[in-house]
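J.:
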Amino acid sequence: LWKGSPSAVATVPDARKGEKLILITEASGATRADFLAFAKAHGAMDLMVPAEVRVVPKVPVLGSGKLDFAGVTRMVRGEEELKVKAA
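As structure tokens, this is what we get:
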């Protein structure tokens, strides 16, 4: 969908569903609507589509160049905590 732009998914707790998926990407202008249209065109169910798509300046990677899944989770959950504190 967003070729050449690193993307990753992490979960955050959700009071209603238990957890929700959050996708982060470096693709400027990326939206959930774009992802949803792409997913439906390829036969994905709504359950497989992240609740949010967030554009970030840099997706966390390890020194080896592989995705840093722990870093992705920290980034997503840290932003979620900021939302809660601001509310």
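Converting from the sequence shown to this note's numbering requires adding 137 to each position, the first position being numbered 1.
Beta carbons are placed, not taken as given, at the ideal position from N, Cα and C, and that holds for glycine.
(1) Among K154, K203, S142 and D205, which residue has its Cα nearest to the Cα of P187?
(2) Quick one, are the C-beta atoms of I159 and S144 less than 8 Å apart?
(3) Tell me which residue opens and which closes the beta strand (DSSP E) that D151 is part of.
(4) Below 8 Å between beta carbons: does that hold for A164 and S142?
(5) Please state the DSSP three-state secondary structure of L204.
(6) With DSSP collapsed to three states, give me the class of G166.
T.: From the atom records:
(1) K154
(2) no
(3) S144 to D151
(4) yes
(5) strand
(6) coil
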